[in-house]
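> Below is one structure. I have some questions about it.
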Amino acid sequence: MSEEQERGVLVASEAGLSIRSVRDVTDAIGACFGAEGILFTEEDLAPEFFNLRTGLAGEFLQKFVNYRLRVALVVPHPEAHGERFKELAYEHRTHPLVRFVRSREEGEAWLRARA
Numbered sequence: 001m002s003e004e005q006e007r008g009v010l011v012a013s014e015a016g017l018s019i020r021s022v023r024d025v026t027d028a029i030g031a032c033f034g035a036e037g038i039l040f041t042e043e044d045l046a047p048e049f050f051n052l053r054t055g056l057a058g059e060f061l062q063k064f065v066n067y068r069l070r071v072a073l074v075v076p077h078p079e080a081h082g083e084r085f086k087e088l089a090y091e092h093r094t095h096p097l098v099r100f101v102r103s104r105e106e107g108e109a110w111l112r113a114r115a
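Residue 1 is where the sequence shown starts when you use our numbering, and the numbers rise one by one after that.
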């Protein structure tokens, strides 16, 4: 178990989790119960996640909010994925459950802090 997991932060890549489909979202939610939250990096997310027309990002965000689970998404340059994705990331800059952050360290710190 990694140091982050001992503190209650699950790192998706270390747990063998990635988001390629809606089914993966359900698997990730199941894996993070009991954790303070889960951290995904850009590499853990399918290209379809960044194309908002696919609905994958919306489904992902809605499920985590519905289950009241905290998730940090490390996307250093959201503007690289288009204007709509940049706006989505900006809108979540102060969200209590979902945050887009620029570094893993920033994401881990936010997840360890109690909202």
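Quick reminder that beta carbons are idealized off the backbone N, C-alpha and C, glycines included.
Quick caveat, the model's predicted, so the values are computed rather than measured.
Span of the alpha helix (DSSP H) holding F85?
Numbered from its first residue, the sequence shown carries residue 85 at position 85. It spans 83-91 - the alpha helix (DSSP H) in which F85 sits, taken as one unbroken run.
> Could you check where the beta strand (DSSP E) with I38 kicks off and where it finishes?
Counting from one through the sequence shown, the residue named residue 38 turns up at place 38. Segment 37-41, the beta strand (DSSP E) holding I38.
> Just to confirm the assignment, what range does the beta strand (DSSP E) spanning F100 have?
Stepping through the sequence shown from its first residue, residue 100 is reached at position 100. Taken as a continuous stretch (DSSP letters only), the beta strand (DSSP E) holding F100 covers 98-101.
> Who are the Cβ neighbours of S203 in its own chain at under 6 angstroms, not counting the five residues just before and after it?
Missing from the structure shown is residue 203; the chain here goes from 1 to 115 and no further.
> What's the C-alpha gap between V22 and F60?
Stepping through the sequence shown from its first residue, residue 22 is reached at position 22. Stepping through the sequence shown from its first residue, residue 60 is reached at position 60. One C-alpha to the other measures close to 7 angstroms.
> Check whether the region 95-108 touches the region 25-35, counting contact only when three or more Cβ pairs, one atom from each stretch, lie closer than 8 angstroms.
Flag = no, the region 95-108 and the region 25-35 do not touch.
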